[in-house]
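In this note's numbering, the protein residues as written are 1002 to 1400. A short write-up of the structure that comes next.
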Amino acid sequence: MVRGVLVSCTPEDGALEKILRTVEEQVADGVDAVPGVLDRIVAAVAPDIRIENVAVVYRTAEERRALVTNLSTGGWSSASLVSVRSALLAAVREVPGQEKYGPVLIVETVDRRTSFALVDAARAQVRASDTWQPGIVGAESADAAVIRIRSQCDSPSTRPEAVLLCGAAAGIPAIAAAFDKGFGVPVLQAPGAATMAARGAALVASGQIEESDPAASATSTARLRRPVLIAAAIVAVLGATGFAVAQIGDDHPAAKVVAESSSPATTVPSTSVSAAPTIEPVAPPPESPVAAEMERLPAPMPPPGVPPVPINPRPTAPPRPTTTVKPEPSESVPQQEAQAPAEEQAPEAPPAPSKVGEPDGNGLFPGESPPPAAGADPEVTRQWWDNHWALKQRWLNGG
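Structure representation (structure tokens):
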């Protein structure tokens, strides 16, 4: 099943304004179906509505790679990819009542897949995250999920003060009871829990959450109404995909406390975890201790020696820069680890080849240096992304 919502944004600040259209389709394979669904949405709303941004939420590295391929070959290379942990980090800031807690554990279950993200008290970093399947489907699997999550959140700096349930898990009392018993902290249910990750992607795509997105910076300067299609992609074993987003306003009810616990959390040995965590790898590195997607960089210019490549827009289709994978917010670094050098040199740009080759599995072009490490000088990071963007443009244009 594919579900989607087309929303419009105000021209002043990119805030989500209203839902224009809801889409629901039964499909056989979610990832493969995404480009076709987007094409049909554009055909249905044209010429009255111009879709400016498309954001797709991914939950695993395999899902990201499949989406990059399918969106590019399907004519949607302008779509941006947002990790589920980044989407949840963006969305939790909009939940009324969460600000009175320190670190918050967000648990999302969709179909047979479960994801969690532990965000810090400042709502600026994801300290731990994981995605696995089969996920939470009832009380027994919820108990196993508590054991799995506690094995990754057992230090004082990662111990949550509240649990926020979203997705299908939010409305099942037995699941709330399992997390209440396992963590001994209040268990909250977010308003619009089923679409929380999609709303986070909407915040990123609409510009409420600043980000280093060259594609978004290079979009048209016409600032009338900017409809944004937000796609939250969930691919399970049987290939179910969902597109979803909800309107975000100031009148949302506060998060509902479904379990208020006064008892301490029971001790659960981490050795009881039945499967190793599958933390999703990140293609681009984190740019700073603040979530990388929250930082807007100026529109990039090609580095010296790499001439800009003109892009000829097509009048009947949205702009088509390369698919952009959003950098994920950095996870906190333990105090024991060595501090990063005070100053880092920008990685040397590789010699400009006569023709840019195809990127590898990590998204790096032939001869391109790895991205700067977490905490690098912002200027160093900016230079790396400028060069990477120029290589992408040359590759897309055959040179």
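Each residue gets a CB set at the ideal place from its N, CA and C atoms; glycine is no exception.
Answer with buried or exposed for Glu-1109, where buried requires no fewer than 16 other C-beta atoms within 10 angstroms of its C-beta.
Answer is buried; the Cβ neighbour count reaches 16.
With a 10 Å radius around its C-beta and 16 neighbouring C-beta atoms as the bar for buried, classify Glu-1369 as buried or exposed.
Per the 10 Å Cβ criterion, buried.
Compare the beta carbon distance of Ala-1163 and Val-1105 with 8 Å and say whether it is the shorter of the two.
Yes; because the gap between Cβ atoms is below 8 Å, this pair is in contact.
Quick check on Asn-1071: buried or exposed, where buried means 16 or more other Cβ atoms within 10 Å of its Cβ?
Asn-1071 is buried by the Cβ-count criterion.
Which whole-angstrom value is the C-beta distance of Arg-1160 and Ser-1130, which I expect to be below 8 Å?
By a beta-carbon distance limit of 8 Å, Arg-1160 does not contact Ser-1130. Their separation comes to about 16 Å.
Start-end ranges of the alpha helix (DSSP H) lying completely within the segment 1123-1195, minimum 4 residues:
Those alpha helix (DSSP H) runs which fall completely within the segment 1123-1195 and span 4+ residues are 1140-1151 and 1174-1184.
Environment of Thr-1074 [buried if 16+ CB atoms lie within 10 Å]:
By the neighbour-count rule (16 or more Cβ atoms within 10 Å), Thr-1074 is not buried but exposed.
Between the CA atoms of Val-1055 and Leu-1189 - distance to the nearest angstrom
Approximately 30 Å, taken between the alpha carbons.
Assigned secondary structure, Glu-1359 (DSSP; H/G/I helix, E/B strand, else coil):
Coil, per DSSP.
Coil, strand or helix - Glu-1100 by DSSP
In this structure, Glu-1100 counts as helix in the three-state DSSP scheme.
What residue ranges within the segment 1038-1105 form continuous beta strand (DSSP E) runs of no fewer than 3 residues, ordered along the chain?
The segment 1038-1105 contains these whole beta strand (DSSP E) runs: 1054-1059 and 1081-1084.
How many angstroms separate the CA atom of Asn-1398 from the CA atom of Pro-1367?
Distance between the alpha carbons of Asn-1398 and Pro-1367: 16 Å.
In terms of DSSP beta bridges, what is Ser-1116 paired with?
Answer by DSSP bridge pairing, in chain order: Glu-1109 and Thr-1132.
What would DSSP say about Ile-1231, mapped onto helix, strand or coil?
For Ile-1231, the predicted model reports a pLDDT of 47, less than 50, meaning its position is unreliable; a value from the coordinates is still stated below. In this structure, Ile-1231 counts as strand in the three-state DSSP scheme.
Where Asp-1033 falls: helix, strand or coil (DSSP)
Shown here, Asp-1033 sits in a helix according to DSSP, grouped into three states.
Between Ala-1088, Val-1046 and Ala-1062, which has its C-alpha nearest Gly-1203's C-alpha?
Note that residue 1203 corresponds to Ala in the displayed sequence, not to Gly. Comparing Cα-Cα distances from Ala-1203 to each of Ala-1088, Val-1046 and Ala-1062, the minimum goes to Ala-1088.
Under three-state DSSP, which class holds Gly-1243?
Low confidence applies here, because Gly-1243 scores a pLDDT of 35, under 50, leaving its location unreliable; read the following figure in that light. Of the three classes helix, strand and coil, the one that applies to Gly-1243 here is coil, per DSSP.
Which one of Thr-1132, Ala-1123 and Val-1111 has the shortest CA to CA distance from Ile-1173?
The shortest C-alpha separation from Ile-1173 is found at Val-1111.
Classify Ala-1202 as helix, strand or coil using the three-state DSSP reduction.
Looking at Ala-1202 - three-state DSSP - the assignment turns out to be helix.
When the distance is taken between beta carbons, is Ile-1176 closer than 8 Å to Ala-1125?
It is not a contact, given that the beta carbons lie outside the stated cut-off.
First and last residue of the alpha helix (DSSP H) that includes Asp-1121?
Boundaries cannot be given for Asp-1121, as no alpha helix (DSSP H) includes it and DSSP labels it neither H nor E.
Quick one, which of Glu-1141, Val-1127, Ala-1198 and Arg-1149 has its alpha-carbon nearest Ser-1158's?
Checked all of Glu-1141, Val-1127, Ala-1198 and Arg-1149; the closest Cα to Ser-1158 is Val-1127.
Return the CA-CA distance between Ser-1079 and Gly-1185, expressed in angstroms with no decimal places.
Each residue's CA atom was taken as its position, placing Ser-1079 and Gly-1185 some 44 Å apart.
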